[in-house]
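Colleague:
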Amino acid sequence: MLPELRQAFNRNYQPKRYQALLEDCARQARSPLEFRISETPCFFPRSLMQQIVDTGAELTHQLLGNAAFLKASEEAVPERFRVPHCPAHPHFMTADFGLVREDDGSLAPRLVELQAFPSIFGMQAVLSASYSRNFNLPEDLERLLDGHDDASYWALLRRVIVGNHLPENVILLEIEPEAQKTLPDFHVHEDRLGIRTVDIAKLKREGRRLLYRQGTRDVPIERIYNRAIVDELERKGIALPFDYRDDLDVEWAGHPNWYFRISKFAIPWLHHPAVPTAVFLNDSYDGKGRDLLPEDHDQWVFKPLYSFAGKGVQFGPTDAELSSIPQDQRHNFLLQQRVRFEPVIETPHGLTQAEVRIMYVWPDGESLQPVISLIRMGRGKMMGVDHNRNQEWVGASAGFCPQAE
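Have a look at this one:
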């Protein structure tokens, strides 16, 4: 892709610039980076990136325009995690795509996952700018989407995350934040928006209000930028000082219900050339949709609906492994057609796959807006940085496009 840019970057690559990139990112994030950063950014034709952006938006609107899906997705939220006052649309969306080679030789996106949950908006902005600065990339390469520059990008995030509140009354909510690999991202949000990061287990409740401790005082919380993932709460058995079902005097930037509603749960509801066949495991046992999957189990991917970072994903599951899932749990798993993605990034270690995440923001009263891409490079079965250890020229990267083609 964009061979002149690719070859020029590879030819001029210097390890000292990569080291400067890592040091620059760690300095801006006030924290060491616990996930691998790729040695290279990725250069995409503008038309291909726009196709990926448009596809993610089409899929999102297809779901929100489907009354049957909206009803089913509302019912899919576990009762004990059902938060009142769910808005009509999520504030954040991410859409992950791999690239396949079509019969005519062109590249096209194929959906990996949709998730109505915020991604690392802060750290990704830092990383993309650092690539540009430390590798002296051409000035006509754009790293943000939809015409945004750094100022408009953060102004939009401030509208959605902070809203009309004082920053001290807005928190980024996470589980044991100091132990999360995404801690650098939290620090960037703190520095750019003036908000605090708070451990969900350390909140305090007084009547209908939530508070957090700042020094010697309890500060009321008016808006929550939600980064806490429920399956991690469950896995760790964390006791909370409030109940998700409580009708509290607090706004959510990223309402928790949307984490369940638009997730892997949504994929079987989609009908689009970019979406591989997918069926719920319980439906497949009831004879619904399993015949649409390839006969060869090696062409299947088995996924839990509510997990992050590829936890529990299995390629080529056997009938015995599928039948071992208790019957009353099968609705929480997905069978999906496996798509083999095309390696498209030329590196000194060979051609490498690139999974493209488009990150969208959706302010109240406005439209869904793409703001930045996140690229994950890998040469293994899975693209997450945890699945490409002990390799070079893989890991988290950033996408760049020429201003014009």
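0 is the number of the first residue of the sequence shown in numbering that gives the first Met the number 0; add one for each residue after it. We treat Cβ as the ideally placed atom computed from N, Cα and C, and that holds for glycine.
#1: Looking at the secondary structure, which residues open and close the beta strand (DSSP E) in which N225 lies?
#2: Taking the straight line between their C-alpha atoms, what separation do you get for R260 and L232?
#3: Kindly give me the distance between the Cβ atoms of S372 and G398, rounded to whole angstroms, as I take these residues to be in contact under 8 Å.
#4: So within the stretch 78-143, which uninterrupted alpha helix (DSSP H) runs reach at least 4 residues, ignoring any that extend past its ends?
#5: In whole angstroms, give me the CA-to-CA distance for S129 and L20.
#6: Mind pulling the beta strand (DSSP E) runs of 3 or more residues that sit fully within the stretch 339-393?
#7: Considering only residues of the same chain and omitting the five flanking positions on each side of K302, which have a CB-CB separation below 6 Å?
#8: Helix or strand or just coil, what does DSSP make of K287?
#9: Check F43 in the structure and name its three-state DSSP category.
#10: Use the C-beta contact count for E221: other C-beta atoms within 10 angstroms, 16 or more gives buried, fewer gives exposed.
#11: Between D290, Y224, T93, which lies nearest to I194 when the distance is taken from Cα to Cα?
#12: For E73, collect the residues of the same chain with a Cβ closer than 8 Å to its Cβ; drop the 5 residues on either side in sequence, then sort them by chain order.
#13: Can you check which of these residues, Q114, F134, N281, is closest to I266 by C-alpha distance?
#14: What does the Cβ neighbour count give for E391, buried or exposed, with the cut at 16 atoms within 10 Å?
#15: Are the beta-carbon atoms of E345 and G97 separated by less than 8 Å?
#16: Please report the straight-line C-alpha distance between P176 and F43, rounded to a whole angstrom.
#17: I need the DSSP call for F279, collapsed to helix, strand or coil.
#18: Straight-line CA distance for H147 to A124?
#19: Below 8 Å, how does it come out for the stretch 357-366 and the stretch 146-166: are there three or more Cβ pairs, yes or no?
#20: I'd like to know if the stretch 59-69 and the stretch 161-172 are in contact, where contact means that at least 3 CB-CB pairs between them fall below 8 Å.
#21: Any idea what DSSP makes of R195, helix, strand or coil?
#22: Check each candidate in P293, Q18, E138, L1 and name the one with the smallest Cα separation from M48.
#23: Which residue marks the beginning of the beta strand (DSSP E) containing W299, and which one marks its end?
#24: Relative to the C-alpha of R5, which candidate in P369, R79, L136, G162 has its C-alpha closest?
#25: Could you check where the alpha helix (DSSP H) with K203 kicks off and where it finishes?
#26: Counting only the same chain and skipping the five closest in sequence on each side, list residues whose C-beta sits under 7 Å from that of V159.
#27: Would a C-beta distance cut-off of 8 Å place R407 and T93 closer than the cut-off?
#28: With distance defined between alpha-carbon atoms, name the residue in D295, D248, L304, H330 nearest to K287.
#29: Helix, strand or coil for R166 per DSSP?
#30: Rounded to whole angstroms, what is the Cα-Cα separation between D462 and L209?
#31: For A19, which three-state DSSP category applies?
#32: DSSP has C400 in a bridge; who is on the other side?
#33: With distance defined between alpha-carbon atoms, name the residue in E250, E320, V343 nearest to L106.
#34: Buried or exposed, going by whether 16 or more other CB atoms sit within 10 Å of the CB of P369?
#35: Compare the Cα-Cα distances from E112 to each of Q336, R81, F185 and report the closest residue.
#36: For F259, report the span of its alpha helix (DSSP H) as first-last.
Modeller: In terms of the structure at hand:
#1: 222-225
#2: 18 Å
#3: 4 Å
#4: 120-133
#5: 6 Å
#6: 344-346, 349-360, 368-377
#7: K263, V312, L333
#8: coil
#9: coil
#10: buried
#11: Y224
#12: C85, N256, R260
#13: Q114
#14: exposed
#15: no
#16: 34 Å
#17: strand
#18: 11 Å
#19: yes
#20: no
#21: strand
#22: L1
#23: 299-303
#24: L136
#25: No alpha helix (DSSP H) holds K203; the beta strand (DSSP E) holding it covers 203-205.
#26: H90, A252, V360, P362
#27: The structure shown has nothing for residue 407, since the chain only spans 0 to 404.
#28: H330
#29: Before going on, a small fix: residue 166 reads as Pro here, not Arg. Residue state, collapsed to three classes: helix.
#30: The requested residue 462 does not occur in the structure, where the chain is confined to residues 0 to 404.
#31: helix
#32: E141
#33: V343
#34: buried
#35: Q336
#36: 256-260
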